[in-house]
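Take a look at the structure set out below.
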Amino acid sequence: MTVRDTQKELDIAKNIKMIEWLKTEVVETVAVLFRGFQQGSETLLKGGLANLVVLSYLMARRLGMRYSQFDSQIREQIRQNLEMDDAFFDWREDLSILEEHFQNKK
Numbered sequence: 532m533t534v535r536d537t538q539k540e541l542d543i544a545k546n547i548k549m550i551e552w553l554k555t556e557v558v559e560t561v562a563v564l565f566r567g568f569q570q571g572s573e574t575l576l577k578g579g580l581a582n583l584v585v586l587s588y589l590m591a592r593r594l595g596m597r598y599s600q601f602d603s604q605i606r607e608q609i610r611q612n613l614e615m616d617d618a619f620f621d622w623r624e625d626l627s628i629l630e631e632h633f634q635n636k637k
């Protein structure tokens with residue numbers, strides 16, 4: 532085993548450890564959101580939602596995506612959801628506004 536191989540293994544181990552930490556943070560943040568709903572705390576809700584977005588971007592990067600790729604994936608997910616023909620799917624306005632947000636973000 533070369534020094535380069537050892538370094539690569541250490542990088543992979545570090546990345547796995549970071550992903551595990553991020554997964555734990557996501558669970559903790561969801562708990563914060565539930566607490567925010569229970570307490571009616573706008574501060575907890577806003578902070579929790581923002582943290583979920585940040586953690587999602589960090590997780591995407593650790594899984595090998597560039598932030599721009601992740602943005603593209605989000606835009607694609609929005610587009611797919613807008614195309615759904617579901618009688619109970621009443622989020623079209625929200626999704627359209629979100630799609631516009633991502634278009635203006637370019």
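With my numbering, the residue at position 62 of the sequence shown is 593, and numbering never jumps.
Where is the CB? At the ideal position from N, CA and C, for every residue including glycine.
Check                                                                                                        : Outcome
Touching by the beta-carbon criterion (3+ pairs, under 8 Å), the region 584 to 593 and the region 546 to 557 : yes
Buried or exposed by the 16-neighbour rule on C-beta atoms within 10 Å, applied to GLY579                    : buried
7 Å Cβ shell around GLY567 - same chain, five flanking residues per side excluded                            : LEU575, LEU576, GLY579
Of the listed residues PHE565, ILE543, SER603, ILE605, nearest to ARG593 (C-alpha basis)                     : ILE543
Anticipated Cβ contact below 8 Å, LEU603 with LEU613, distance rounded                                       : Going by the sequence as given, residue 603 is Ser instead of Leu. About 16 Å separates the two Cβ atoms, so there is no contact after all.
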